[in-house]
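Read through the structure below, which is laid out as structure tokens, and then see the notes.
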Amino acid sequence: MQRIFLFLYRIRAFLLFVALEAIAIFLIVSNNSQQGSAALNSANQLSGSILNTQSNVLDYFSLATVNKALVDKNANLLAELEKFKRPADSVYIELDSVLSASFQFKGAKVINNSIHHSQNYLTINRGSAHGIKEGMGVFNEEGVVGRVKAVTKNFASVISLLHTDLLVSSKVKSSEVFGSTKWDAADPKRAKMLYVPRHVSIEIGDEIVTSGYNAVFPEGISIGKVINVQPGKETNYLDITLELSTDFTRISYVYLVENNQEQELDELYESSSISNE
9 MQRIFLFLYR IRAFLLFVAL EAIAIFLIVS NNSQQGSAAL NSANQLSGSI LNTQSNVLDY
69 FSLATVNKAL VDKNANLLAE LEKFKRPADS VYIELDSVLS ASFQFKGAKV INNSIHHSQN
129 YLTINRGSAH GIKEGMGVFN EEGVVGRVKA VTKNFASVIS LLHTDLLVSS KVKSSEVFGS
189 TKWDAADPKR AKMLYVPRHV SIEIGDEIVT SGYNAVFPEG ISIGKVINVQ PGKETNYLDI
249 TLELSTDFTR ISYVYLVENN QEQELDELYE SSSISNE
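Here our numbering is used: the first residue of the sequence shown is 9, the next is one more, and so on.
This is the structure:
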């Protein structure tokens, strides 16, 4: 112990210098918005790089699971493509070229993910340099994941569906009844479907998907299935509980979707005083 104190005494000048430097940097960042913003961006880039390196090291252990998911996804895509093949004995109707070109998709890897807070986020290894923009919808082969919140050059932060401030425009796949899905912070595997009137018939097992009524997600991306329906307490709406399609404990790769007509829709909604959420 005496040797430790002696060593610290010998380098006391260096320790004082480090402490003063730290105080100076803190004062500059705290009292100058430009330097503060630059420091925050640098910290985000550094933390993103560290998380990316950590993710690369751990990737090996999840390759089998990821490959299986990709194989399953490819099989489903092939099955969907079969539906659009022209039957030999029926009339062929071409899809609207404008509709088919409305959405573009990009892939990314999740390098950080939280599920234990009331407001959870993910970090992905793609940023503005890869065409990622704020507001883009995020999903995987299972269903909705979230929405892009902030973007740097090489990374992006995503508001998880497990975030109490995120609302996703939803509908019952079989009946077209629509509402909004929101997480209530109770269980990372469950969420609530809101704003469905009491007189509407909702059945256990009904599949809930994105409605396509906003510019974030295309129609039909899975959100979950109804596992409980009760009359709402002191409200005219049903209390609907969903089991989420997405397993947030094992997200590895995601898709990001961009609506090429989002700006036009936003301008229309703004001029009409309609909220695009």
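Beta carbons are placed, not taken as given, at the ideal position from N, Cα and C, and that holds for glycine.
Neighbourhood of residue i by C-beta distance below 6 Å, restricted to the same chain and skipping five residues each side
i	result
Asn236	Thr249
Gly154	Val146, Val166, Ile167, Ser168, Leu169
Lys157	Ser165, Ile167
Gly232	Ile216, Leu250, Glu251, Leu252, Ser253
Asp247	Gln238, Gly240
Asn60	Ile119, Asn133
Gly56	Phe163
Glu266	Gln112, Met144
Asp192	Lys200
Glu242	none
Leu174	Ile167
His171	Gln127, Asn128
Assumed close pair residue i, residue j - CB separation to whole angstroms, cut-off 8 Å
i	j	result
Leu264	Ile140	6 Å
Glu211	Thr218	In fact, because the Cβ distance is near 20 Å, the residues do not count as touching under 8 Å.
Phe256	Asn121	7 Å
Lys117	Ser63	7 Å
Asn148	Ile259	6 Å
Tyr245	Arg206	7 Å
Thr160	Gly135	5 Å
Ser178	Met201	6 Å
Val185	Val204	6 Å
Identity of the residues DSSP links to residue i by a beta bridge
i	result
Arg198	Glu251
Val180	Ile216
Ser188	Ser177, Leu202
Tyr245	Pro205
Element boundaries [beta strand (DSSP E), containing residue i]
i	result
Gln238	230-239
Tyr263	261-267
Sequence-distant residues of its chain with Cβ nearer than 8 Å to residue i (five each side left out)
i	result
Ser209	Ser183
Gly151	Ile229, Ser230, Ile231, Gly232, Leu252, Ser253, Thr254
Gln269	Ser110, Ala223
Ser98	At Ser98, the pLDDT of 42 sits below 50, so the modelled position is not reliable and the matter cannot be decided from this model.
Ile12	none
Gln271	none
Ala137	Lys161, Asn162
Boundaries (first-last residue) of the alpha helix (DSSP H) holding residue i
i	result
Arg18	10-18
Neighbourhood of residue i by C-beta distance below 7 Å, restricted to the same chain and skipping five residues each side
i	result
Gly213	Lys233, Val234
Ser279	none
Val180	Ile210, Asp214, Ile216
Gly115	Tyr261, Tyr263
Arg18	none
Lys197	Glu251, Leu252
Write down every uninterrupted run of the alpha helix (DSSP H) in the stretch 101-173 whose length is 4 residues or greater and which is fully enclosed by it, in chain order. 105-108
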